[in-house]
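Reminder that position 133 of the sequence shown reads as 136 in the working numbering, one-by-one numbering, no gaps.
For each residue, glycine too, the CB sits at the ideal point set by N, CA and C.
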Amino acid sequence: SSELLLQIVNDILDFSKIEANQLFLMDEIFQLEYLFSKLANMFGYAAYSKKIELLFFLDPNMPRQLVGDELRITQILVNLLGNAVKFTEKGHIKVYAHWIEVDSKNVRLEFRVVDTGIGMSKEKQSKLFTEFEQGDNTTSKRYGGTGLGLVICKKLVNKMGGNIDFIS
Numbered sequence: 004s005s006e007l008l009l010q011i012v013n014d015i016l017d018f019s020k021i022e023a024n025q026l027f028l029m030d031e032i033f034q035l036e037y038l039f040s041k042l043a044n045m046f047g048y049a050a051y052s053k054k055i056e057l058l059f060f061l062d063p064n065m066p067r068q069l070v071g072d073e074l075r076i077t078q079i080l081v082n083l084l085g086n087a088v089k090f091t092e093k094g095h096i097k098v099y100a101h102w103i104e105v106d107s108k109n110v111r112l113e114f115r116v117v118d119t120g121i122g123m124s125k126e127k128q129s130k131l132f133t134e135f136e137q138g139d140n141t142t143s144k145r146y147g148g149t150g151l152g153l154v155i156c157k158k159l160v161n162k163m164g165g166n167i168d169f170i171s
């Protein structure tokens with residue numbers, strides 16, 4: 004209960020910071036391989052306990068050290084992986100990272116979280132990135148959540164100059 008309450012408070016605080024334009028991104032050196040290792044540790048047991056295979060794929064041609072906001076990238080991936088574990092009853096979850104564009108100053112990355120979860124209708128997908136919206140009442144009762152996680156992800160990704168999408 005305390006973890007759920009803390010997550011709700013953190014979601015509301017992050018959402019408020021973003022809406023007030025008071026959330027600032029950091030530029031720091033980080034290693035994506037280490038970030039993936041942390042994610043595997045965070046979600047490995049939950050996936051294992053549901054007998055879900057959790058796999059990570061890192062493009063071998065991608066630079067090993069990157070500069071960006073590791074905390075916010077982690078926050079986005081934690082939310083996406085949390086949803087994947089929550090909504091997947093059997094099968095697998097695969098996390099991919101590869102670079103799609105490189106110039107003299109920037110590396111543009113693409114992350115994908117692919118799972119064999121429950122999926123969504125087109126109608127539900129249209130509301131996916133809307134504040135306080137969830138798939139439906141039965142989904143929110145069964146799985147919980149605030150309806151803010153994906154909104155925060157979208158706003159963070161947009162602030163980083165990227166896009167986020169969902170395909171069922």
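Rounded to whole angstroms, what's the CA-CA distance from residue i to residue j? Just pull it up for me.
i      : j      : result
Thr77  : Asn166 : 16 Å
Met65  : Tyr37  : 14 Å
Ile170 : Glu113 : 15 Å
Ile55  : His95  : 5 Å
Ile121 : Val154 : 20 Å
Arg67  : Val12  : 34 Å
Ala50  : Asp168 : 23 Å
Ser143 : Ser107 : Summary for Ser143: the model assigns pLDDT 49, below 50, so the residue's position carries little reliability; its value from the coordinates is reported in the next sentence. Going from the Cα of Ser143 to the Cα of Ser107 covers about 45 Å.
Val70  : Gly164 : 14 Å
Ala43  : Asn161 : 25 Å
Leu35  : Leu57  : 17 Å
Ser129 : Met123 : 10 Å
Asp118 : Lys125 : 17 Å
Phe39  : Ala23  : 31 Å
Lys127 : Ser52  : 28 Å
Ile15  : Tyr48  : 27 Å
So if DSSP puts residue i in a beta bridge, which residue, or which two residues, is it bridged to?
i      : result
Glu36  : In the DSSP output, where bridge partners are listed per residue, Glu36 has none listed.
Asp118 : Ile96
Leu61  : Ala100
Arg111 : Glu104
Ile55  : Gly94
How should residue i be labelled, buried or exposed, when 16 other C-beta atoms within 10 angstroms of its C-beta is the threshold for buried?
i     : result
Leu74 : exposed
Lys41 : exposed
Ile79 : buried
Asp17 : buried
Asp86 : Here residue 86 is Asn; the residue named in the question, Asp, does not match the sequence. By the neighbour-count rule (16 or more Cβ atoms within 10 Å), Asn86 is buried.
Ser19 : exposed
Does the distance from the CB of residue i to the CB of residue j come in under 7 Å?
i      : j      : result
Phe46  : Leu84  : yes
Val98  : Phe59  : yes
Glu104 : Arg115 : no
Ile21  : Lys157 : no
His101 : Asp72  : no
Gly152 : Asn109 : no
Say whether chain B places a C-beta atom closer than 7 Å to the C-beta of residue i.
i      : result
Gln128 : Reference to chain B is not applicable here, since this structure consists of a single protein chain.
Legend entry - Touching by the beta-carbon criterion (3+ pairs, under 8 Å), the segment 84-96 and the segment 20-36: Short answer: they don't touch.
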